[in-house]
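Chains as they are written, first to last, in the working numbering: chain P, 1351 to 1647; chain C, 210 to 672.
From the three backbone atoms N, C-alpha and C, an ideal C-beta is built for every residue, glycine too.
First the structure, in the form of structure tokens, and then the observations on it.
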Amino acid sequence: MKKSGGRGLFVGLCIIPTTVLFTLFMVVPTLEVFYYSFFGGFSKYNITSKSFVGFQNYIDLFTNSTIAPKFIGTFQNTILLIVLVTIITFAFALVYAGILSREKIKGQNFFRIIFYIPNILSVVVISSIFFNVVYDSDIGILNSITSLFGFTVQWKSGNEVVIFSLAIAMIWQAIGYYMVMYMSSMAAIPESIYESANLEGASRVRVFFQITIPLVWTNIRTTLTFFIISTINLSYLFVRAMYGSRAPESTYVLLYYMYEKTQDYGRAMAIGVITFLFSFLLAGIVNAVTKREILEF
Amino acid sequence: MKKVLAMILSVLMVASLAAGCGGNTDTTEGTTDPTATSEGGNAEVSGTIVVKAIETAYGADMWNEIKDAFEAAYPGTTVELEVSKTLETTLANEIQAGNYPDVVHLATNRDAKITENMINNMQLRDLTGVLSLTNPGEDKTVGDKIIEGFTETNATNPYGDGKTYLMPMFYSPCGIFYSANLFEEKGWTVPTTWDEMWELGDKAKEEGISLFTYPTTGYFDAFMFALLASTDKGIDLYNDVTSFKEGVWDTEEARQVLDVIAKLATYTEPTTTENANDIDFSKNQQLVIDGKALFCPNGTWLPGEMADSTPEGFVWGMTAVPAVSADKNPTSFTFLEQIWSPQGAKNTAGADAFIAFMYSDAAIDIFAKYGAVQPVAGIADKLEGDNKTFYSIYDNGATAVMGGFVATTDAGVTPADAYFTPVNQLVAGDITVDEWLAGIKDANTALGAAVISASEEATDAAA
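This is the structure:
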């Protein structure tokens, strides 16, 4: 008893520094976001002039005639990006992973590296690749192709187009990383299962959907949650790196709107709280709807 | 054991929370500490003068030279100088803690709005007395040296009571830039009215050159201000717009300004909107150098910014914005940096002497050497090359406009977003002038309600 008490004390002492740091730099700031969201009339340069406004910041975001349309539009953009980017990225990542790990094709490693490269580039580099090489109106790859057919598209400022330009860059960036993740878990599937499927005469597509996908399902679930949450962050980074502080309104995403377009600290914090809760909710929903038995008979 | 651990941890959590709160209360108390001031000016100048200056494109070196020159002119004084690009962050904290510097060089129209807050809270010292000071070894007063008009607008006299609270430091006129070479080559003359402008636009179109481009929509502030000041209503319309006066956008004159920009949108180089962002804007500026567009609204910094991609022999031209009304002069908005002294300043006599010293011949020369140009008589003679042309814009008959939007709290919309950003959509044909105007009207109402008005007792203090 005495011995284990001493060990407990030791363990306690050991985790104190981490706990203090974690509390100071994670818990307190997070709580402060909630706290400040109930105040108004101050910016980061005059925090002392704040006054308590209750839930007014939240009400403004959804009902104020000037703010609400922008905020709701921003929310819609964010959701569109989450849905679009997630679906396409996962579809491509899974198919590519399936092909590269199951099929015998020449230059497998080459493709693996090619697909993975975007992931080691920083968002700033990717943004400038897309902005200057792919989307540029004069020398861009896409407009060089479309001009063969006699039309050009304004990839960077056209109102309905820009959000998709953003999505393309995000998908391009993410596919490789998730592909490698799935390849590693596909490699862990025992070869014997595939052999027996072969003997039963299952087609490749059937094998992919009925053996490969179910057996990497836990991996898909985890990465899906990660991905959705990181999309909220990444979309901000992309918009910020591509447009600086002058993004077209059709590319506003939650964090961008919070950081660039809200001077009122209290309202910005309210957007922060909504983003925070939204991420949690989304992660919860994704977790719930993807829950299933790994092995189905 | 678990309980003890849990208790230690929760005590820590509470303690750290309390520590956070404690810090906050301290700073709150600090700001409510009013410091009395005396109108120095003729008092003996001595001791330490605390000077804070924002470092802009001109660099920090010139301020160090100014410090040395001042200390040489006033033996026995020490200038405690801080020049920093991130001055606003530290300054905001110091002001909140009641720790005021004696002199601050920080302009209005910056994101942090510290200067605006000082104006709104009536925390600036009246510097009218500085205008009648004379620098050591000179016979002209400061007021006599400053170009007429620069100490008479709301950029320096924010309360409109004839008293100067901010002194005009560096100015940078904006206008429309063009390639002087191209105009010479084609034998075209630079238009001075909008009718001539449209005529030239059609002529240029035949040769495959667009009339107009712009770096980003942000550059429409200076451009629109110049237009607003040149309608039949003159400077009043500009003042009403920048102070978000109710109904100002219902006037015929305001509509004329938007119509000019809308017509200009139809003459705009088609790839402009694609590159009208903070990253690619120089591609738009390059259009003028490459002879693909004739005019681009900009400021005096443009030639320096584009120096790397400007071919040798290229000559920039700059002209004022043609007037909307036939009876008015072309107009040019100028950015103006101000220097001021807070009411909490401890060494007021020193502050006044230092600010006056900014207009001494020695200081003017030092600033001019670094390209920082002050509104003092004969300044154009001290400049060379392009700058000499640009800064003589007012000598050539253009009307000067300066200042900017009054400070507001966050109304959910910024003037930039409602007034200038839609120009991109206008050029792309996504919106009409009416839709643009409707958005501006909404923003004007929202911003008008959010204008930070000075508290009553502060108004009394100033009056």
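Three-state secondary structure (DSSP) at M515 of chain C? coil
Taking DSSP as the reference, what is the three-state secondary structure of T234 of chain C? Residue placement at T234 of chain C is flagged as unreliable, the pLDDT there being 38, under the threshold of 50; the coordinate-derived value follows with that caveat. Reduced to three states, the DSSP call for T234 of chain C is helix.
Check the Cβ-Cβ distances between A431 of chain C and every residue of chain P, and say whether any is below 8 Å. no
Identity of the residues DSSP links to T350 of chain C by a beta bridge: C:T343
Whole beta strand (DSSP E) elements within the stretch 579 to 614 of chain C, 3-residue minimum: 608 to 610
Chain C contacts from the stretch 1410 to 1427 of chain P (Cβ-Cβ distance under 8 Å): D1410, N1414, S1415, T1416, I1417 and K1420
With Y387 of chain C as the anchor, note down where its beta strand (DSSP E) starts and where it stops. M376 to S388
Residues sharing a beta bridge with L446 of chain C, DSSP: BP columns for L446 of chain C are empty, so no partner.
When every heavy atom of the ligand PLP is checked, does at least one fall within less than 7 Å of the C-beta of T451 of chain C? Of the ligands one can find in the structure shown there are none, so the ligand PLP has no counterpart to examine.
Cβ distance (whole Å) where G256 of chain C is taken to contact N556 of chain C below 8 Å: 5 Å
At a Cβ threshold of 8 Å, is A471 of chain C touching chain P? no
Consult DSSP for G1448 of chain P and reduce its assignment to one of helix, strand or coil. helix
Cβ separation of P284 of chain C and T402 of chain C, assumed to be a contact under 8 Å, to the nearest whole Å: P284 of chain C to T402 of chain C, Cβ: 57 Å. No contact.
Determine which residues of the stretch 1478 to 1502 of chain P have a Cβ less than 7 Å from any Cβ of chain C, and write them out in chain order. F1481, S1487 and D1488
Taking just the CA atoms, how far does G1457 of chain P sit from S1553 of chain P? 24 Å
Kindly confirm or deny that the stretch 445 to 462 of chain C and the stretch 643 to 657 of chain C touch, where touching means at least three C-beta pairs closer than 8 Å. yes
Return the chain-ordered list of same chain residues with a C-beta closer than 7 Å to the C-beta of S601 of chain C, the five sequence neighbours on each side being excluded. A589
Leaving aside the five residues before and after L1430 of chain P along the sequence, list all residues of the same chain whose C-beta is less than 7 Å from its C-beta, in chain order. I1513
Kindly indicate if chain P contains any beta-carbon less than 8 Å away from that of N318 of chain C. no
Could you tell me the distance, in whole angstroms, from the CA atom of F1528 of chain P to the CA atom of F379 of chain C? The sequence given here places Tyr at residue 1528 of chain P; Phe does not occur at that position. The alpha-carbon atoms of Y1528 of chain P and F379 of chain C are separated by roughly 54 Å.
Would you kindly check if the distance between the Cβ of V622 of chain C and the Cβ of A577 of chain C is under 8 Å? no
Excluding five sequence neighbours on each side, which residues of the same chain lie with their C-beta closer than 6 Å to the C-beta of K591 of chain C? A577
Just the C-alpha distance for E408 of chain C and T360 of chain C, rounded to the nearest angstrom, thanks. 38 Å
Is the stretch 1543 to 1550 of chain P close to the stretch 1504 to 1520 of chain P, with three or more CB pairs under 8 Å? no
Among the residues of its own chain, which have a CB less than 6 Å from the CB of L1587 of chain P, if the five just before and after it don't count? V1473
Is any beta-carbon of chain P found at less than 8 Å from that of G427 of chain C? yes
Mark R1642 of chain P as exposed unless 16 or more other C-beta atoms lie within 10 angstroms of its C-beta, in which case mark it buried. exposed
State buried or exposed for E593 of chain C, treating a residue as buried only when at least 16 other CB atoms are found within 10 Å of its CB. exposed
Which residues of chain D have a Cβ atom closer than 9 Å to the Cβ of T1612 of chain P, listed in chain order? Here the protein chains are P and C, and chain D is not one of them.
Residue span of the beta strand (DSSP E) that contains I304 of chain C, given as start and end: Not the beta strand (DSSP E): I304 of chain C falls in the alpha helix (DSSP H), residues L296 to Q305.
Under 7 Å from the C-beta of T477 of chain C: neighbouring residues of chain P: Ordered by position in chain P, no residue passes the 7 Å Cβ test against T477 of chain C, which lies about 12 Å from the chain.
For N1509 of chain P, return the contacting residues in chain C, with the cut-off set at a CB-CB distance below 9 Å. Q634, A637 and D639
Neighbourhood of V1484 of chain P by C-beta, 7 Å cutoff - its chain only, sequence neighbours within 5 removed: G1490, I1491 and L1492
Which residues in the same chain as T617 of chain C place their Cβ atom closer than 7 Å to its Cβ, once the five residues preceding and following it in sequence are excluded? L656, A659, V660 and I661
Put L290 of chain C into one of helix, strand or coil per three-state DSSP. strand
Cα-Cα separation, L1363 of chain P to L1374 of chain P: 17 Å
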